[in-house]
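Notes follow once the structure below has been shown.
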């Protein structure tokens, strides 16, 4: 499974491909989020919405009617994550503490095209949580006394490479630079894919159940992010890194939109580089 961007990149438009056909009683997630199968399993790599498949499995096998009920009980409740929820509008202690999003726009009416910040929409949806709660989550995942995953082989899935080096899946992962380029700085006035396409040869990266995996020290130019670090990005400009052997987890987040804003992104990257250099 991919995302709507997958259709755009492969076919030029999502409209050029007939939509997936689902029975009338299909789950809303399947109808609204599932995409076509772009390749047979193991024959490629495409970051997409497969997480929604996990959500359906959790609802069917987890002993709860709804996915958020399972998460509330088995994750948030188990770790004391009191400011984390998928229903923020119903949780005053979360809703009232939301960080106001802002967006950088360029004023084209002026000669210098000066950028300025404007208020973003007030809607909040999906997972909403505090940094302290994220610390609890990542700390538990790295702990030998992990509460969420009591079997060692399950914890190892977050840190073990999944893709065979040189395989079609591994080649596809490296070919799409956004899978790991978020750890690298951006060039001003240059699309992010162009900025990251200049990396040759491709860095030693793989994929785990949690995100991208750094497989060699020094594989990312100018970076002090060590081997064994698992990392991923979020929207807007949020990047987290976690290394179980080092016992370190680092996160940078900002309320500034849009994603890949050069100033915000490069600030995040520099922060991670410096912190890993000092504490890694």
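Numbering (the numbering used here), first residue to last: 5 to 284. Every residue, glycine too, gets a C-beta built ideally from N, C-alpha and C.
Q. For residue 216, which beta-bridge partners are listed by DSSP?
A. 211, 235
Q. What is the DSSP secondary structure of residue 49, counted as helix, strand or coil?
A. coil
Q) In three-state DSSP terms, what is residue 202? A) coil
Q. Got a sec, what are the start and stop residues for the beta strand (DSSP E) residue 246 sits in?
A. 242-247
(Q) If distances are taken between C-alpha atoms only, which option among 46, 130, 252 comes closest to residue 170? (A) 46
Q: Quick one: grab the DSSP three-state call for residue 106.
A: strand
Q | Coil, strand or helix - residue 21 by DSSP | A | coil
Q: Taking all protein chains shown into account, decide if residue 36 is buried (16 or more other Cβ within 10 angstroms of its Cβ) or exposed.
A: exposed
Q: Compare the Cα-Cα distances from residue 38 to each of 20, 58, 48 and report the closest residue.
A: 58
Q. Which residues mark the beginning and the end of the alpha helix (DSSP H) in which residue 15 is found?
A. 8-15
Q: Return helix, strand or coil for residue 120, following the three-state DSSP convention.
A: strand
Q | Under the three-state DSSP convention, the category residue 139 falls into | A | helix
Q. How is residue 185 classed by DSSP in three states: helix, strand or coil?
A. helix
Q: Identify the continuous beta strand (DSSP E) that holds residue 255 and give its terminal residues.
A: 252-257
Q.
Counting C-beta neighbours from all protein chains within 10 Å, is the total for residue 168 16 or more, i.e. buried, or is it exposed?
A. exposed
Q) Per DSSP, which one or two residues make a beta bridge with residue 132? A) 89
Q. Straight-line CA distance for residue 187 to residue 28?
A. 43 angstroms
Q | Backbone CA spacing between residue 2 and residue 184 [nearest angstrom] | A | With the chain covering 5 to 284 only, the question about residue 2 has no answer from this structure.
Q | Residue(s) in a DSSP beta bridge with residue 153 | A | None, per the DSSP bridge assignment.
Q) Which of the three DSSP states, helix, strand or coil, is assigned to residue 172? A) helix
Q: Round the Cβ separation of residue 166 and residue 233 to the nearest angstrom and send it over; I've been treating them as touching at under 8 angstroms.
A: Residue 166 to residue 233, Cβ: 16 angstroms. No contact.
Q) Which one or two residues does DSSP pair with residue 260 in a beta bridge? A) 106
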